[in-house]
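Notes follow the structure.
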Amino acid sequence: MIEIKFRGRGGQGAVVASEILGRAFFLEGKYPQSFSLFGSERRGAPVFGFLRVDDQPILLKCQIKHPDQVVLFDLSLADENEISQELKPDGILLVNTSREIGFFEGWRKFKIGLIHASAIAREVGLGDTFNTAMLGAYVRLTNLIRMEALTEAIRSMAPSKVEKNIEAAVEAYKQTKIYGAKEPNPQ
413 MIEIKFRGRG GQGAVVASEI LGRAFFLEGK YPQSFSLFGS ERRGAPVFGF LRVDDQPILL
473 KCQIKHPDQV VLFDLSLADE NEISQELKPD GILLVNTSRE IGFFEGWRKF KIGLIHASAI
533 AREVGLGDTF NTAMLGAYVR LTNLIRMEAL TEAIRSMAPS KVEKNIEAAV EAYKQTKIYG
593 AKEPNPQ
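Going by the working numbering, the first residue of the sequence shown is number 413, and it counts up by one from there.
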């Protein structure tokens, strides 16, 4: 089973991203379970989306405390220690950022994907909602599903601007920078 946590802010599309990705996994013959955690906060408040994926029906009905993968929409929602304690040791981290890999030295024990998804979304005309760009980067980083499954899921679930959302996903797929896990320096 793969457990994924999406960390974002209201309006960025993190919760919808978990649902679209769940649909893409379903189209690939997997069993997804998607749920979210947020209060009655306003736009910009922290929100969390969760997704479990397995080859068999999922019977678990609990939160995901230590995910295999984290999709981080906003760097201000996580510090180095928090991610390091939350993400499993062989975890995968996808970050929306304009920064280079040197900034993330403390997270180099994980496989990391860096993408400036928010910039891509603005460039294609999606404004501040960049969830589909993050999903395109996710497909490239993990190689767990085909891009065709993601675009089909976007077509069936995107509330508006379907073609622009697909364009953002494809462009992010092309631009994602991937860094393998780095062994810690010997002491």
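In this text, a Cβ means the ideal position worked out from N, Cα and C, and glycines have one as well.
Tell me whether residue i sits in a helix, a strand or coil according to DSSP, three-state version.
i: residue 476; result: coil
i: residue 542; result: coil
i: residue 557; result: coil
i: residue 589; result: strand
i: residue 523; result: strand
i: residue 537; result: coil
i: residue 518; result: helix
i: residue 597; result: In this prediction, residue 597 has a pLDDT of 45, which is less than 50 and means its spatial position is unreliable; nothing more can be read from the coordinates.
i: residue 440; result: coil
Quick one, which of the options has its alpha-carbon nearest residue i's?
i: residue 456; options: 490, 573, 540 and 435; result: 540
i: residue 430; options: 422, 460 and 576; result: 460
i: residue 530; options: 482, 580 and 476; result: 580
i: residue 562; options: 508, 440, 447 and 444; result: 440
From residue i to residue j, what distance separates their C-alpha atoms?
i: residue 473; j: residue 547; result: 24 Å
i: residue 559; j: residue 549; result: 10 Å
i: residue 527; j: residue 487; result: 12 Å
i: residue 597; j: residue 570; result: Model confidence at residue 597 stands at a pLDDT of 45, short of 50, so the residue's coordinates are unreliable; what they give is reported in the following sentence. Each residue's Cα considered, the two are about 44 Å apart.
i: residue 557; j: residue 436; result: 7 Å
i: residue 496; j: residue 519; result: 7 Å
i: residue 463; j: residue 511; result: 27 Å
i: residue 587; j: residue 418; result: 20 Å
Given a cut-off of 9 Å, decide if residue j and residue i are closer than it, judged by their beta-carbon atoms.
i: residue 479; j: residue 514; result: no
i: residue 481; j: residue 505; result: yes
i: residue 554; j: residue 577; result: no
Please confirm whether residue i has its beta-carbon closer than 9 Å to some beta-carbon of chain B.
i: residue 528; result: Here chain B cannot be found, since the structure has a single protein chain.
Sequence ranges, beta strand (DSSP E) only - wholly within the region 468–516, length at least 3: Counting only runs of 3+ residues, the beta strand (DSSP E) found wholly inside the region 468–516 occupies 481–484 and 504–508, in chain order.
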